[in-house]
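Each remark here refers to the structure printed beneath this line.
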Amino acid sequence: MAATHLPVLILHGSRFGQSTKIAQALADQLRGGGHEAELQALTRDSAPDPDRHGGLVLVTSVRYGYFDKNAYKFIARHRAWLESVPSLLVTVSLTARTPQKRDPAVHSYTRKFLEKSGWAPHQVEVVAGALEYPRYHLLDRLAIQLIMTITKGPTDPTVTIEYTDWDQVGAAGARFAARLPSDDPKATLV
Ligand SMILES: Cc1cc2nc3c(=O)[nH]c(=O)nc-3n(C[C@H](O)[C@H](O)[C@H](O)COP(=O)(O)O)c2cc1C
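Every position in the sequence shown, counted from 1, becomes a number in my numbering once 2 is added.
So this is what it looks like as structure tokens:
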């Protein structure tokens, strides 16, 4: 399938690499479906090129209850462009390891992020991240162990668990791809 439309900008704000991994999976999927995707790390200077980018995927993780402030900056600065292209927000967190929490209306971090940023993406996906105790320094490990004790999760400091549901990520990518312009004549029939 030929890709003649503008590339989707995929921004990933990641501390330990899980959001980047999810962003890469979405990029691979879009490319596999004949769309173009451009991966970029989210920084304070991130900006779309309105002449070159025809959509946005923003993948950002929760750290101590907060998202990357660069995500808020990006949304505030590029609001007009955001309103003109298909958009997907993917939030990554450990609270989302429980499937019931993956409803954006229930996941409080995501709900607050949308309220605070004033952004209404076309699609919102709440995705579980990874627990990687061996990579955390002492204070982070103790804090995460405390959260895990409260929420009945693993506290063994040698444990690494990837909670990300890749089927969920794949389904989200497919739904987003369906929002993008397509050269496939069959796409107009569905
Ligand atoms: C220091 C630290 C703080 C975290 N705080 C939270 C939190 O408040 N709530 C939550 O659900 N997950 C929290 N997490 C889990 C991360 O969101 C999860 O590990 C995610 O996979 C990180 O993605 P990243 O590697 O792309 O940054 C925290 C993780 C770390 C290391």
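Note that beta-carbon positions come from the ideal geometry of N, C-alpha and C, so glycine has one too.
The structure presented is a predicted model; accordingly, all values stated were derived computationally and were not measured.
**Item:** Close Cβ partners of A5 (< 7 Å) along its chain, the five nearest in sequence each way excluded
**Value:** Position 3 of the sequence shown, counted from the start, is the residue given in the question as residue 5. Legend: pLDDT at A5 = 42, less than 50; position of this residue unreliable, value from coordinates given subsequently. Spatial neighbours of A5 in its own chain (CB-CB distance under 7 Å, excluding positions within 5 residues in sequence) are listed in chain order as G36, H37 and E38.
**Request:** Could you check if L144 is buried or exposed, using at least 16 other CB atoms within 10 Å of its CB as the buried criterion?
**Result:** Here the question's residue 144 lines up with position 142 in the sequence shown. When all chains shown are included, L144 counts as exposed.
**Asked** Exposed or buried, which one is I152 when buried takes at least 16 other CB atoms within 10 Å?
**Response** By one-based count along the sequence shown, residue 152 stands at place 150. I152 is exposed by the Cβ-count criterion.
**Asked** Looking at the unbroken beta strand (DSSP E) that takes in L11, where does it start and where does it end?
**Response** Locating residue 11 in the sequence shown gives position 9, counting from the first residue. First-last of the beta strand (DSSP E) with L11: V10 to G15.
**Request:** Specify, as a first and last residue, the run of the alpha helix (DSSP H) that T22 falls within.
**Result:** Taking the sequence shown and counting its residues from 1, the one referred to as residue 22 is at position 20. Q20 to G34 is the extent of the alpha helix (DSSP H) around T22.
**Request:** Considering only heavy atoms of ligand 1, list every residue whose Cβ is less than 7 Å from one of them, following chain order.
**Result:** Listed by position along the chain, the residues with Cβ atoms less than 7 Å from a non-hydrogen atom of ligand 1 are S16, R17, F18, G19, Q20, S21, T22, S63, V64, R65, Y66, G67, V94, S95, L96, T97, A98, Y111, G131, A132, L133, E134, Y138, D142, A145, I146 and I149.
**Asked** Where do the ends of the alpha helix (DSSP H) carrying E117 lie?
**Response** Here the question's residue 117 lines up with position 115 in the sequence shown. Annotation: the continuous alpha helix (DSSP H) that includes E117 extends over S110 to S119.
**Prompt:** Which whole-angstrom value is the C-beta distance of H80 and P50, which I expect to be below 8 Å?
**Reply:** Locating residue 80 in the sequence shown gives position 78, counting from the first residue. Locating residue 50 in the sequence shown gives position 48, counting from the first residue. Contact between H80 and P50 holds, since their C-beta atoms are separated by about 6 Å, short of 8 Å.
**Asked** Cβ atoms of L13 and S48: under 9 Å apart, would you say?
**Response** Position 46 of the sequence shown, counted from the first residue, corresponds to residue 48. Position 11 of the sequence shown, counted from the first residue, corresponds to residue 13. Yes. Within cutoff.
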